[in-house]
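In terms of my numbering, the sequence shown has 130 at position 130, counting the first letter as 1, and numbering is strictly consecutive.
Even glycine gets a Cβ: it sits at the ideal position worked out from N, Cα and C.
Note sheet for the following structure.
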Amino acid sequence: MKIDQITLYHLRMPLVSHFETSFGRSYNRDCILVEIAADGLTGYGEDVADRDPGYSYETAGTSWHIIEEFLAPLMLGMDFASPVDFHPQFEQVRGHLMAKAGLEMALWDLVGKATGLSLRQMLGGVHERVAVGVSVGIQDSPETLVKTVEGYLNQGYGRIKIKIKPGRDVAETQAVRSAFPDIRLQVDANSAYSLESAAALHPLDHLNLLLIEQPLFEDDLWDHRQLQTQFTTPICLDESIISPRHARQALDMGACRVINIKAGRVGGLGHALAIHNLCQDRGVPVWCGGMLETGVGRASNLALASLPNFKLPGDISASDRYYVQDITHERFALNSDSTIDVPTGPGLGVTVDTDALKKFTVKMITLRA
Ligand code: OSB
Ligand code: MG
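What follows is the structure, given as structure tokens:
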């Protein structure tokens, strides 16, 4: 399929409630929706770079620049037989994995629409519904956190993740664990600790957590290995795993026992699939992370999480946990067994609501071959 047009939409969508992590508090969520056209068909992808460089160095602004100046000029006029042909063509542009992943997702959607296959079928997913949980931001106090968690448990979420940061970690996690002794619980520090300051987290090792996510800095693979030797709870890496090579190296050195896979973080679904396969071969469980996606990115996450080695519930909550109004006509709802159905239509299996798209677009550009 020969790509003849690429349109970028910088979106800013109000969140149902603010979301606070160790790197800050957000009331809105920005991203770039990518629309590509070929053979009279349109494919959509979500570039998950946010407004601020808090989770990673990439922002909606850097993505815009890299796509407009470098990636789109390469992609326009290119002929793709399969989405797995994407990555080798863009290796001359270093890094900027979220920008690449947005374009690549749009290509999977486009090829799916051309062939009639759903993304789940193209990736080799085996489940029709996937187990999900909810990621709970830092709250004002342990008491409010317990109340917020209770609300999500009442909605039917079977796995809770709480965000932590230095000084807002052990008391919070203990409060949730004593209020709900049997729930599936995990924590995420988003790189807020050093090997030294992470000593404060030792009490967490006795709270029966599923995992401790990304305690140390993104480029501290070796220190994560040192920390893992001190904890019986599995360490899970998110930010540190930016490619299949990083996944292999992390497993080789024992830096983690679980991997959170986000297609956006690793440059796209092709690399996400490669990391899944590597972990499966090594008996290492993975789960699907989230970036507060719109319906477009959520559809992609659901398809990815339907692969067999996604052994732990994903950060893929129902649409109403994030947005009153989404940019897709489809909304995703939680089933009573804490699962969400994987879309079945061609490609991502979602349709874009053009009125909502207009409403949330702060900037737009169309590029042609
Ligand atoms: O670290 O997993 C993370 C949201 C934005 C950036 C990073 C992270 C998150 C989440 C939310 O934890 C997951 C979701 O529900 O989409
Ligand atoms: Mg994380």
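- A Cβ-Cβ distance of about 7 Å is found for the pair Leu334 and Gln155, placing them in contact under the 8 Å criterion.
- Between Ser300 and Leu269 a beta carbon distance of about 7 Å is seen, short of the 8 Å cut, so the two are scored as contacting.
- In the DSSP assignment, Met1 falls outside any beta strand (DSSP E), carrying neither H nor E.
- Taking Ser82 as reference, the option from Thr62, Ala106 and Glu68 with the minimal CA-CA separation is Ala106.
- Remark: C-beta atoms of Val48 and Met291 approach each other more closely than 8 Å.
- Look at Gln214: its beta carbon is less than 7 Å from one of the heavy atoms in ligand 2.
- Shown here, Gln5 sits in a strand according to DSSP, grouped into three states.
- Distances from the CB of Asp320 to the heavy atoms of ligand 2 are all 7 Å or more.
- Cβ neighbours of Arg184 within its own chain (closer than 8 Å, five residues either side excluded): Gly133, Gly158, Arg159, Ile160, Leu210 and Pro313.
- Considered as a whole, the segment 69-109 harbours 72-75 as its complete alpha helix (DSSP H) runs of no fewer than 4 residues, in chain order.
- Minimum Cα-Cα distance from Gly112 among the listed residues Gly345, Lys358, Thr361 and Arg368 corresponds to Gly345.
- In this structure, the straight-line span from the alpha carbon of His271 to that of Leu119 is close to 15 Å.
- Remark: the shortest separation between the CB of Gly54 and any heavy atom of ligand 2 does not fall under 7 Å.
- Excluding residues up to 5 positions away in sequence, Leu15, Val16 and Leu292 lie with their Cβ nearer than 7 Å to the Cβ of Tyr322 in the same chain.
- As computed with DSSP, Val134 is found in a beta bridge with Ile160.
- Cβ contact annotation for Thr366 (same chain, cutoff 6 Å, sequence separation greater than five): Thr7, in chain order.
- In chain order, Arg12, Met13, Pro14, Leu15 and Arg51 place their CB closer than 8 Å to the CB of Asn28, counting only its own chain and leaving out the 5 sequence neighbours on each side.
- In the DSSP assignment, Arg225 falls within the alpha helix (DSSP H) that extends over Leu221 to Gln230.
- Under DSSP, Cys236 forms a beta bridge with Glu213 and Val258.
- Annotated as proximal: Val342 and His127, with beta-carbon spacing under 8 Å.
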